[in-house]
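Under the numbering used here, the residues of the sequence shown are numbered 1 to 412, in order.
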Amino acid sequence: MAMLSAKVFQKLFDSSALKQPQFRLYFIATAFSSLAVWMGRFMFGWLIWKQTESFFWVGIISAALLVPTLFITPLFGVVTDRINLKKGLMLWLGCQSVVAFVAFLFYSLFQPSLISLLVIAFSFGCIASAGSPLRLSLIPRLVDKQVLPNAVGLGAMLFNSSRVLAPACAAALLTVLNAEMIFLIAALFFATAVFFNAQLNDLPAAEREHQQSKLEDLIGGFRFAYRSSFILLMLLMTLINSQVGRALLELLPALSGTFTSGDAHDLAVLTACSGAGSILGAFFISKQQGDRQHLTGLIMMAMLLSALALLPILLRPPVVLLAALVCLISLLMTLIGTGAQISIQLSTPDDIRGRVMSIWIMIALGGPAVGAFFMGAVAEFLGFNWMLLIMIALSSFGAVWLYVQRKSLTTS
């Protein structure tokens with residue numbers, strides 16, 4: 001049995017992006033930086049809750065962390081296509097370490113205030129947004145094309161695991177440490193990520209035929225995405241996913257309050273199932289082929305299954321079944337979002353990758369906030385069932401539209 005397990009593990013490793021030394025270094029670095037990011041986000045939310053005990057201000061600080069994505073990411077997509085990726089990555093992580101260390105120093109000397117929390121959180125969000133195109137542009141430069149889905153899937157597993165583990169670790173540490181010490185730990189984690197990324201080979205900017213102004217580069221990125229019917233289709237699927245699966249998971253507290261007893265235990269169960277589904281989805285996508293047609297079929301099936309998974313919620317299922325459905329929807333959401341990201345990566349040359357991927361980031365990260373607002377308004381004024389019906393209709397439309405467009409997908 002032990003020999004069989006060893007052979008299975010070896011087979012998995014042989015087909016994994018982790019077999020490639022450069023990606024292995026980046027993966028270790030990302031493990032530290034992902035934990036640091038989510039620990040920081042948790043601490044800002046926790047501190048402002050302790051300061052105000054207001055859901056409104058918790059929402060405001062969440063927006064301070066997320067809103068920069070909509071405005072900063074496209075600009076730094078342009079920068080990403082112009083710079084040495086290794087140096088840019090190290091500078092980005094170094095800046096995050098500095099902000100976390102500043103938070104540690106400030107809150108060691110002064111009591112947290114509403115203004116200071118908002119300013120530092122906004123700075124943290126701005127820097128995090130600036131590095132997103134850099135991070136997504138780097139991965140295809142570290143691995144062979146055939147293992148790109150595995151590399152992206154492993155990155156998604158890290159992201160989703162950290163989203164669950166980091167707040168739990170921070171909450172546990174708060175029982176024995178002062179709040180400012182968590183920021184110090186985050187700063188050290190970012191610094192550790194810098195150390196591992198320093199071992200990467202040099203990654204100069206991709207060669208370009210024509211030099212343009214930054215504004216022309218920005219417009220060029222949007223023009224490239226618009227002129228590619230395949231990329232445009234994948235961005236549409238990402239947008240639909242952000243209004244359905246992602247928006248639903250953003251509304252988990254309301255879902256728990258509507259269909260369960262609404263206590264903290266039920267919400268914790270639903271949240272844990274959501275995290276488990278995301279990790280399983282990332283693991284599944286990491287085992288797929290780097291083929292656009294195959295990934296498109298997978299996204300189409302995930303869209304259809306998402307619509308079917310939403311139907312039983314209309315019948316107000318018991319908590320156990322609701323938790324299973326949330327897990328499934330989260331899994332399918334990850335397949336759609338990550339599959340679309342990989343498909344766009346496979347369709348984009350290195351010299352414009354940062355700008356194109358910044359558009360995907362805007363939709364993937366900013367879309368759920370808009371979706372949660374819109375769907376929440378529908379549920380508030382028309383009823384939760386109407387919200388679910390709109391989500392089912394959108395997801396069904398996505399599956400049908402992909403099916404209709406399938407013949408032209410490989411030629412665009």
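All C-beta atoms in this analysis are idealised placements derived from N, C-alpha and C, irrespective of residue type, glycine included.
Item checked: Distance, G376 Cα to V319 Cα -> A direct Cα-Cα distance of roughly 21 Å separates V319 from G376.
Next item on the list: Kindly give me the distance between the Cβ atoms of A323 and S395, rounded to whole angstroms, as I take these residues to be in contact under 8 Å.
Entry: Not really, about 20 Å apart at Cβ, beyond 8 Å.
Next item on the list: Determine the contact status of A225 and A379, defining contact as a CB-CB distance below 8 Å.
Entry: For A225 and A379, no; Cβs fall outside 8 Å.
Next item on the list: Check whether the Cβ atoms of F230 and Y107 sit closer than 8 Å, and answer yes or no.
Entry: With respect to Y107, F230 sits apart: the two C-beta atoms are not nearer than 8 Å.
Item checked: Where G366 falls, given that 16 or more other Cβ within 10 Å makes a residue buried -> So G366 counts as buried.
Note to self: Do L70 and M362 count as a contact pair if the criterion is CB distance below 8 Å?
What the structure shows: A contact, by the Cβ cut-off of 8 Å.
Notebook entry, point to check: On the three-pair Cβ rule with 8 Å, is the stretch 142-151 touching the stretch 111-130?
Noted result: Segments in contact, no.
Notebook entry, point to check: Beta carbon of S274, beta carbon of L252: below 8 Å?
Noted result: Here S274 is near L252, since their CB atoms are less than 8 Å apart.
Next item on the list: Give the C-beta separation of A399 and M303 to the nearest angstrom, bearing in mind that I take them to be a contact with Cβ-Cβ under 8 Å.
Entry: The C-beta distance from A399 to M303 rounds to 4 Å, short enough to meet the 8 Å contact threshold.
Checklist line | First and last residue of the uninterrupted alpha helix (DSSP H) at I127 | finding: Counting along the chain, I127 sits inside the alpha helix (DSSP H) bounded by residues 114-142.
Notebook entry, point to check: Using the rule of at least 16 other Cβ atoms within 10 Å of the residue's Cβ for burial, across every protein chain shown, is V404 buried or exposed?
Noted result: With fewer than 16 other Cβ atoms inside 10 Å of its own Cβ, V404 counts as exposed.
Notebook entry, point to check: What's the C-alpha gap between G281 and F110?
Noted result: It is roughly 43 Å from the alpha-carbon of G281 to the alpha-carbon of F110.
Next item on the list: Look at A187 and F104 and say whether their C-beta atoms are less than 8 Å apart.
Entry: In this structure, A187 lies near F104, with their beta-carbon atoms less than 8 Å apart.
Note to self: Just verifying my parser: in three-state terms, what is the DSSP assignment at N201?
What the structure shows: Note: N201 maps to coil in three-state DSSP.
Next item on the list: Under 7 Å Cβ to Cβ from M1, same chain only, skipping five residues before and after it: list those, please.
Entry: Note on M1: pLDDT 40, under 50, position unreliable in the model; the coordinate value appears next. Result list for M1: empty, nothing under 7 Å.
Checklist line | Helix, strand or coil at R316 [DSSP, three-state] | finding: The DSSP-derived three-state label of R316 is coil.
Note to self: Quick check on this structure: which residue in L93, I344, P349 has the alpha carbon closest to the alpha carbon of F32?
What the structure shows: The shortest Cα separation from F32 among L93, I344, P349 belongs to L93.
Check: Distance, Cα to Cα, S5 vs A268?
Finding: Its pLDDT being 40, under 50, S5 is placed unreliably in this model, and the value from its coordinates should be taken loosely. As the crow flies, the alpha-carbon of S5 is around 33 Å from that of A268.
Check: Are P167 and A247 touching if we call contact CB-CB under 8 Å?
Finding: Remark: C-beta atoms of P167 and A247 do not approach each other more closely than 8 Å.
Next item on the list: For the alpha helix (DSSP H) containing K428, list its first residue and its last residue.
Entry: Here the chain covers residues 1 to 412 and nothing more, so residue 428 does not appear.
Notebook entry, point to check: According to DSSP, is D81 helix, strand or coil?
Noted result: For D81, the secondary structure class from DSSP, reduced to helix, strand or coil, is coil.
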